[in-house]
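Peer 1: Residue numbers (this note's numbering): 1147 to 1318. Okay, handing you the structure first.
Laid out in structure tokens, this is it:
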């Protein structure tokens, strides 16, 4: 599944996809912004995605967003690389965002690399209001040049990981 795909690194594209009480199964990969800018996927009302991997921005993306709300869940099964945000050259856009909010909302990627930001990235992840994330090895800024990316967990939410790396260095 692609929300925005193209080859132009200069175009600004507004692509939005909304899931409401929907289920997508047997997906290989889910992309929000494959070399595109300002692409957004919003999951609401107990929606579900079952996929191997998820990319929130891939190939020098900017301002892409993933919102998992109101008990929605994303299950990722790739054993080595299930979740990437700002993959490739990274994004210097502080509007890039991953939001997991609301009781029962979940990202489950229990093995492999869970990346929040790469090089030159400012993407933020917020897990709040009793939501949760289950991850393997978490990288907050995969490269040493990552500045401004981060994970915030608030208001009864949880985030569990095997290991956590900050700018590529083990912090656990």
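Quick reminder that beta carbons are idealized off the backbone N, C-alpha and C, glycines included. Nothing here was measured: the structure is a model prediction, and the numbers come from that model.
Can you tell me where the beta strand (DSSP E) with residue 1294 in it begins and where it stops?
Peer 2: Translated into positions along the chain shown, residue 1294 becomes position 148. First-last for residue 1294: undefined, no H or E at that position.
Peer 1: Bridge partners for residue 1307 per DSSP, in chain order?
Peer 2: The residue labelled residue 1307 in the question sits at position 161 within the chain shown. Per DSSP, none; premise fails for residue 1307.
Peer 1: Here's the rule I'm using: 16 or more other beta-carbon atoms within 10 Å means buried, otherwise exposed. How should residue 1300 be labelled?
Peer 2: Taking the chain shown and counting its residues from 1, the one referred to as residue 1300 is at position 154. Looking at its Cβ environment, which holds fewer than 16 other Cβ atoms inside 10 Å, residue 1300 is exposed.
Peer 1: So the candidates are 1273, 1244, 1224, 1270; which of them puts its Cα closest to the Cα of residue 1172?
Peer 2: Translated into the one-based positions of the chain shown, residue 1172 becomes position 26. The residue with the shortest Cα to Cα distance from residue 1172 is 1224.
Peer 1: From what residue to what residue does the beta strand (DSSP E) around residue 1254 run?
Peer 2: As a position in the chain shown, residue 1254 is number 108, starting the count at 1. Counting along the chain, the beta strand (DSSP E) containing residue 1254 begins and ends at 1252-1262.
Peer 1: Does residue 1211 pass the burial test, meaning 16 or more other C-beta atoms within 10 Å, or should it be called exposed?
Peer 2: The count along the chain shown starts at 1 and reaches residue 1211 at position 65. With 16 or more Cβ atoms within 10 Å of its Cβ, residue 1211 is classed as buried.
Peer 1: Given a cut-off of 8 Å, decide if residue 1178 and residue 1214 are closer than it, judged by their beta-carbon atoms.
Peer 2: Position 68 of the chain shown, counted from the start, is the residue given in the question as residue 1214. Position 32 of the chain shown, counted from the start, is the residue given in the question as residue 1178. Residue 1178 sits away from residue 1214, with the two beta carbons spaced by 8 Å or more.
Peer 1: Rounded to whole angstroms, what is the Cα-Cα separation between residue 1285 and residue 1264?
Peer 2: Translated into positions along the chain shown, residue 1285 becomes position 139. Translated into positions along the chain shown, residue 1264 becomes position 118. Those two C-alpha atoms are separated by around 8 Å.
Peer 1: Can you tell me whether residue 1273 is buried or exposed? The criterion is at least 16 other CB atoms within 10 Å of its CB, across all chains shown.
Peer 2: Position 127 of the chain shown, counted from the first residue, corresponds to residue 1273. Buried, since its Cβ has 16 or more Cβ neighbours within 10 Å.
Peer 1: To the nearest angstrom, report how far apart residue 1246 and residue 1276 are at their CA atoms.
Peer 2: The count along the chain shown starts at 1 and reaches residue 1246 at position 100. The count along the chain shown starts at 1 and reaches residue 1276 at position 130. Roughly 9 Å separates the two Cα atoms.
Peer 1: Is residue 1282 closer than 8 Å to residue 1260 when the C-beta atoms are compared?
Peer 2: Here residue 1260 refers to the residue found at position 114 when the chain shown is read from its first residue. Here residue 1282 refers to the residue found at position 136 when the chain shown is read from its first residue. Closer than 8 Å, so yes.
Peer 1: Could you compute how far the alpha carbon of residue 1278 sits from the alpha carbon of residue 1221?
Peer 2: Numbered from 1 along the chain shown, position 132 holds the residue referred to as residue 1278. Numbered from 1 along the chain shown, position 75 holds the residue referred to as residue 1221. Between residue 1278 and residue 1221, the C-alpha separation is close to 12 Å.
Peer 1: To which residues does DSSP link residue 1197 through a beta bridge?
Peer 2: Looking up residue 1197 in the chain shown gives position 51. Partner(s): 1173, 1222.
Peer 1: Using a Cβ-Cβ cutoff of less than 7 Å, which residues in the same chain neighbour residue 1308 once the five nearest sequence positions on both sides are dropped?
Peer 2: Counting from 1 along the chain shown, the entry for residue 1308 is found at position 162. Counting only Cβ-Cβ distances below 7 Å, and skipping sequence neighbours, we find 1282, 1283.
Peer 1: Taking 8 Å as the cut-off, decide whether the C-beta atoms of residue 1199 and residue 1229 are in contact.
Peer 2: Translated into positions along the chain shown, residue 1199 becomes position 53. Translated into positions along the chain shown, residue 1229 becomes position 83. Closer than 8 Å, so yes.
Peer 1: If you draw a straight line from the C-alpha of residue 1201 to the C-alpha of residue 1310, how long is it?
Peer 2: Numbered from 1 along the chain shown, position 55 holds the residue referred to as residue 1201. Numbered from 1 along the chain shown, position 164 holds the residue referred to as residue 1310. Whole-angstrom Cα-Cα distance: 19 Å.
Peer 1: Going by DSSP, which residues form a beta bridge with residue 1168?
Peer 2: Translated into the one-based positions of the chain shown, residue 1168 becomes position 22. Paired residues: none, contrary to the question.
Peer 1: By DSSP's criteria, residue 1244 is part of a beta bridge. Which residues make up the other side?
Peer 2: For the purposes of this step, residue 1244 is identified with residue 98 of the chain shown, where counting begins at 1. According to DSSP, which records beta bridges pairwise, residue 1244 is partnered with 1212, 1271.
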